[in-house]
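So the sequences go chain by chain: U and Z. What the first sequence shows, in the numbering used here, is residues -3 to 400, in sequence order. What the second sequence shows, in the numbering used here, is residues 3 to 379, in sequence order. C-beta: ideal position from N, C-alpha, C; glycine also. Please read these numbers as outputs of a predicted model, since none were measured by experiment. Please read the structure below before turning to the comments.
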Amino acid sequence: MSLLSTSADGPRPRSSSGISARAYLDWAATAPLRPEVGAAMAAQMARPPGNPTGAHAEARGARRVLDDARDLVASLTGVSPGEVVFTSGGTEADGLAIHGAFDAQVAQGGPSGAVVCSAIEHHAVLEACRSLASRSGAELRLVGVTPEGVVDLEALAAACTVDVAVVSVMAVNNEVGVIQPIDRVAATVRNRAPRAVLHTDAVQAAPWLDLAPLAEQCDLVTLSAHKMGGPVGAGVLLVRDGIRIQARLDGGGQERGRRSGTPNVVGAVGMAAALEATVRDRTHTTARVMELRHRLEAGLAAGVPGIAVSGGGALRVPGICHLRIPGVESEALVVVLDQMGVASSAGASCSSGATEPSHVLEAMGLGRTEARTGLRLSLGVTTSDEDVDRALAVVPGAVAQLRD
Amino acid sequence: MSTVPWQSFLALSRNCETDEVRVLVAMSGGVDSSVAAALCVEAWGTEDVVGATLKLWGGASDSGCCSVADVDDARRVADQLGIVHHVFNFADDFERHVVEPYVAGHAEGRTPNPCIECNRHLKFDRLLERARALGFDAVATGHHARCERDDDGSWRLRRGADTKKDQSYVLAMLGQEQLAQTLLPLGGMIKDDVRAEAARLGLRTAAKPDSQDVCFIRSDTGRAGFLGDRITLHPGRMVDADTGADLGPVEAVELVTIGQRRGMGHSTDGRRRFVTAVDLPSRRVTVGPPEAAYAPGLTLSTIAWVAGPPPVGPTGAFPALAQCSAHGPALPAVVQVGDEHLDVTFATPQRRVAPGQTVALYDPDHPDDVVGSGVVT
């Protein structure tokens, strides 16, 4: 096969009618590329070549575009341009934050006895902390959450001793959408473990919340472009002034020695453009999507006996609706909904594509069987009334089919 | 219209409305299930055929059904065939129904067959249930066996046409309910034709080697390494069946199987020694000369019938051909039907079979037809 072919021998085109008949409700996994972001990236791809580190006109052009993108991200998050490190995405930024901050602590003679994170972190943080603990000998302290999915601040305080090197608590959970009290997390960390570096994974927060307060309260902040209408493969780690991290890639020392490798200028443009569009629309989008989700949850509560909204009593971002449907395995439900034209998610997937029992739901106190009954419907900028209508039309029937 | 002989599997197995069937194909990522999927697509088209790969084992392994590489192969074959493909995570059920009993069995001196338990509990129970819930009429697999419908509407399970690859033994626990929802498209094919068909279709699995061993056991550390991580392996003593004399140490009694000769050495007259009994509590392995490794019969529990027990004679027994391993001979025997067990008496004494192993029973009048199965007590 060839991706270059435009003839009928190429990849089979998907029928447009098939697409329009579907409701895409998996925005938290990845959001559609915003047209204006695609246009900005296409324009950059059409410009002359240029490695930003070169010494000629083309290189200077690329450098200017890269730094324009950096300036834009900085101004939209309330930091200075030197604090913006472009990465290949959220996972790289999380790993760079956890490992990089820990290694810098060790190099500076800072605390290195323990690393702390919440039990509901994304695997990019959780596994980084685990591998850090196993390679360094530092103790990993997982902080539990309430049944509503909010980090347990008392447990956090207990975990934050003076020997803690790094603390990582996500701003918004990716499965249930619960907003974490980062201001109180920060106060606890600063009070109890004053030399610890505080990181927050704000990947799911970025489409919905003002990032400036997060950047103000934390030392390190992770962002990802594709959750807000940018390209996959572009992310940012905000590294606040005075916070040192050690690079994980050896090379040319780009990004001020924090991330080697030829900068992905197109990706940086996509990242900055997506953040700009997100911030521009945020107030309007938040109100509109909040209303759609209310209608979705109310309709499902009426149509599906026994259904429960996860984190229903906590603050949640508008775009994530996480449901538990007793007696229905979500792995099967997602397949039935797919057949009926609704794209949804059963929670975390492993690399093979299989559904894994949710560590988030287990941390919220659910048993292993219950942790297999979670269904996530996630919404975004262009989610329509029709998408919600379709979900309301098919979910009750799909549940009934599986309960039969 | 294809004239290849195996196309008749449709006519044989589904003399009902074949055009309204929705089929879920269990795709392991191997060549057999790839071709099974291709044949289903040929029969029913891409809309009504969906592929599914089971994630069964999350631990380390280097063969079998559930590595990411195998899932990739299954997914890419499905892409090539133009069908939807899903991955189902049944790892918890696999652990509970296959791995745990396998480990517990060895700790109690039994040698269960994990492939049979996987078929019994995963492929033909959990997957069938999932398929029904998703609105499928049947599950197809790449097993070399035949599932055919009789004139009276009942289902028969028969040996595959390729006698060397026949897998009816590992399916011998299936009953009417499961067979009615099962399609075995490869039953009429020989393996060479399966590979030829895969090659003709350009499937990426065409030349993939057959999987050999238990999928959750790594070849480098083997059964000993797997069990040693999970249970305590105890050293024991080898004793002579006749004299009771101590013949030396045994490294781990849990790893010794009745009938085994490897590692048991030779007797003073130079003849090989065979294990005739393993007693775990006393950690004693009894060995004897070749003739001591033979027994007149055995007893089966966990009985399964393809179509209920066959008619018995005045003594409550029926004649059968008993097969004691995946590719062993089918031995003439008489089967006495008890309450919850079967007593199998061979026409001539046969090598002892370890407790936990499965014996499949075939019909002497139709030697390809499975009658039922049981597990050696």
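query	result
Buried or exposed by the 16-neighbour rule on C-beta atoms within 10 Å, applied to LYS167(Z)	buried
Local conformation of LYS57(Z) per DSSP, three classes	strand
Chain-order list of residues whose beta-carbon lies under 7 Å from that of GLN242(U) (same chain, five-residue window excluded)	GLY96, ASP99, ALA100 and ALA103
DSSP state of HIS236(Z) mapped onto helix, strand, coil	coil
Helix, strand or coil at HIS368(Z) [DSSP, three-state]	strand
Contact set between the region 185 to 218 of chain Z and chain U, restricted to residues whose Cβ is under 7 Å from the partner	none
Short Cβ contact (8 Å threshold) for VAL185(U) with CYS156(U)	yes
Chain U contact residues for HIS88(Z), given Cβ-Cβ distances below 7 Å	VAL331
Bridge partners - ASP197(U), DSSP secondary structure assignment	THR218(U)
GLN169(Z) and HIS146(Z) closer than 8 Å at C-beta	yes
Per DSSP, cross-strand counterpart(s) of THR83(U)	GLY231(U)
Assigned exposure category for ASP367(Z) - 16 Cβ within 10 Å defines buried	exposed
Contact the region 70 to 90 of chain U vs the region 248 to 259 of chain U: 3+ CB pairs below 8 Å	yes
Beta-bridge pairing of GLN352(Z) - partner residues as DSSP gives them	ALA297(Z)
According to DSSP, residues forming a beta bridge with SER375(Z)	ALA306(Z) and ALA362(Z)
Buried/exposed call for VAL331(U), threshold 16 Cβ in 10 Å	buried
Three-state class that DSSP yields for ALA322(Z) in the structure shown	strand
Buried versus exposed, by CB contacts within 10 Å (16 or more), HIS87(Z)	buried
Residue(s) in a DSSP beta bridge with GLY290(Z)	PHE276(Z)
CB contact flag (LEU21(U), ALA339(U), <8 Å)	yes
Against chain U: residues of the region 125 to 153 of chain Z by CB proximity under 8 Å	ARG132, ALA135, LEU136 and GLY137
Straight-line Cα distance separating ALA200(Z) from VAL70(Z)	21 Å
Length of the line joining the Cα atoms of GLY66(Z) and ALA89(U)	With a pLDDT of 46 at GLY66(Z), under the threshold of 50, the modelled position of that residue is not reliable, and the figure given next carries that caveat. Rounded to whole angstroms, GLY66(Z) to ALA89(U) spans 36 Å at the Cα level.
Contacts that VAL79(Z) makes with chain U (C-beta to C-beta distance below 8 Å)	None at all; the shortest Cβ gap to chain U is about 14 Å.
Where LEU362(U) meets chain Z, residues with beta-carbon distance less than 7 Å	Residues of chain Z passing the Cβ test: none, with the nearest at roughly 15 Å.
Partners in chain Z for THR351(U), counting only beta-carbon separations shorter than 7 Å	ASN91
CB contact flag (ALA309(Z), SER156(Z), <8 Å)	yes
Cα-Cα separation, THR259(Z) to VAL280(Z)	7 Å
Per DSSP, cross-strand counterpart(s) of GLY250(Z)	MET240(Z)
Inter-residue spacing [alpha-carbon to alpha-carbon] between GLY302(U) and ASP95(Z)	25 Å
Between the CA atoms of ILE175(U) and GLY78(U) - distance to the nearest angstrom	28 Å
Which of helix, strand or coil DSSP assigns to ASP127(Z)	helix
C-beta atoms of GLY468(U) and ARG60(U) nearer than 8 Å	Shown here, chain U extends from -3 to 400; a query on residue 468(U) therefore has no answer.
For ALA38(U) and MET267(U), believed in contact at Cβ under 8 Å, the rounded distance	Wrong, their Cβ atoms sit about 15 Å apart, outside the cutoff.
Short CB-CB distance (under 8 Å) between ASP64(Z) and chain U	Confidence is the limiting factor: at ASP64(Z) the pLDDT is only 48, short of 50, which leaves the residue's position unreliable, though a coordinate-based value still follows. Closer than 8 Å: no.
Coarse secondary structure for ALA339(U), derived from DSSP in three states	strand
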